[in-house]
Amino acid sequence: MTFYSLFYSIKMAVKGLWLCICYEKNMRIHLVFATVALILSCILMLSVIEWCIILFCIGMVLCMELMNTSIEYLANLYNLTYDLRIKHIKDISAAAVLCASVISFVIGCIIFLPKCLNFIKNWKVILY
């Protein structure tokens, strides 16, 4: 693989990511939650391992949303009329995103809740 073909591949991948951000509301919602998680991670000063876990969860959800979008686009291209099999494919693909999102949410709660409660407790001490 030449440098040019590598650069072109990266360029097309970034273009695909941008298309998904522009046209898919769910991707924008996931990005908002990812941004909140990253800001909280900075404020709460997570450990390196906690950062890795949060980044992995964000990456997992975003990748699943990209795959879901790709599957939906392919299914729509394959069949423009209603087909129960296509509906099942789309539902299963969406379920994968849901599973990744729920697991990431639970992991986020496990990491962030104790730190947020401690942060709030420390602020109460400062204020009173």
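Under numbering that gives the first Met the number 0, think of the first position of the sequence shown as 0, with each following residue one higher. Ideal placement from N, C-alpha and C gives every residue a C-beta, glycine not left out. Computed from a prediction, not measured in an experiment: that's the story for all the values here.
Checking 8 angstroms against the spacing of the C-beta atoms, do residue i and residue j come in under that value?
i, j, result
"I88", "A74", "yes"
"T68", "C21", "no"
"I53", "L45", "yes"
"E49", "I91", "no"
"A149", "M63", "Only positions 0 to 127 of the chain appear in the structure, and residue 149 is not among them; the question remains open."
"N78", "I85", "yes"
Assuming residue i and residue j are in contact, meaning their beta carbons sit under 8 angstroms apart, how far apart are those beta carbons, in whole angstroms?
i, j, result
"L43", "K120", "Actually they are not in contact, since the Cβ atoms of L43 and K120 sit about 13 angstroms apart, beyond 8 angstroms."
"I106", "C51", "The Cβ separation is near 12 angstroms, so there is no contact."
Reducing DSSP to helix, strand and coil, say where residue i ends up.
i, result
"L54", "helix"
"M44", "coil"
"N78", "coil"
Residues in its own chain within less than 7 angstroms of residue i by CB, not counting five upstream and five downstream?
i, result
"M59", "A99 and S103"
Quick one: give me the first and last residue of the alpha helix (DSSP H) that residue i is part of.
i, result
"Y7", "F2 to Y22"
Quick one: residues in its chain with C-beta nearer than 8 angstroms to the C-beta of residue i, no 5 flanking neighbours on either side, listed in chain order?
i, result
"V47", "none"
"L16", "L65"
"N117", "none"
"A33", "I57, V60 and L61"
Using a C-beta cutoff of 8 angstroms, does residue i count as contacting chain C?
i, result
"A95", "No chain C appears in the structure shown, which is made up of a single protein chain."
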